[in-house]
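Student: Under the numbering used here, residues 737 to 891 are what the sequence shown spells out, in order. Just so it is clear, CB atoms sit at the ideal spot from N, CA and C, and this is done for glycine as well.
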Amino acid sequence: MKNIEDFTRRKFLNYSMVGGVALPLLSLMNCQNVAHGGVFQTAKDLENMTDLEQMHVPKISLPPVVEDGSQASIVCSVDHPMDEDHYIKSIQIMNFADPVVIKGKFYLTPDNGEAYISTQIRLSGGDGTVWVVTECNQHGKWAAFKNVSVAAGGC
């Protein structure tokens, strides 16, 4: 294409189509999946956690066996200060075995006073792992998981 007169409507549509396909594909190449790690930190040793790990790794209260997957009670908390300059920004609950992976994301502020969530989630039947990811405004994302077996119901 040496000059603008050679640029036809057909060429314009072809270039637009290629760009319309290529740009979304390029953006997908940079996505990180939480399930594959590298996105958050976990405790290296649950029995001997450092002070930083104790303050950021979420605690999960979820029964190992849930009878009714449509109403699984879960409590998530973090022993973390909720000061104006250092606090937990969010708590996210996920189960990668379910059709709906994200069970809830709860945003917090220092006005909450403590990083604590109590809710009910829906889980699909069978065995799975429930992940809880907390985000500190200074130290990034921290995660913990709990294995669960669902007898019936759910997603």
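(1) Just confirm the distance between the C-beta atoms of residue 811 and residue 859, as a whole number of angstroms; I'd bet it's less than 8 angstroms.
(2) Reducing DSSP to helix, strand and coil, say where residue 871 ends up.
(3) Ignore the nearest five residues each way along the sequence and tell me which others in residue 885's own chain have a CB closer than 6 angstroms to its CB.
(4) Following a CB-centred definition, is residue 743 positioned closer than 8 angstroms to any heavy atom of the ligand HEM?
(5) Find out if the Cβ-Cβ distance for the pair residue 839, residue 848 is shorter than 9 angstroms.
(6) May I have the straight-line CA-CA distance separating residue 883 from residue 748, to the nearest angstrom?
(7) For a test of the three-state rule: what should DSSP assign to residue 815, helix, strand or coil?
(8) Specify the secondary structure class of residue 790 as computed by DSSP and reduced to three states.
(9) Please identify the residue among 835, 887, 809, 742 whose C-alpha is closest to the C-alpha of residue 853.
Tutor: Reading from the atomic positions:
(1) So it is not a contact: roughly 15 angstroms between Cβ atoms.
(2) Of the three classes helix, strand and coil, the one that applies to residue 871 here is strand, per DSSP.
(3) These residues qualify, in order along the chain: 801, 863.
(4) Of ligands this structure carries none, so the ligand HEM is not represented either.
(5) No, these two residues do not count as a Cβ contact at 9 angstroms.
(6) Distance between the alpha carbons of residue 883 and residue 748: 54 angstroms.
(7) Looking at residue 815 - three-state DSSP - the assignment turns out to be coil, as it is neither helix nor strand.
(8) The three-state reading of DSSP puts residue 790 in helix, counting H, G and I together.
(9) Comparing Cα positions, the closest option is 809.
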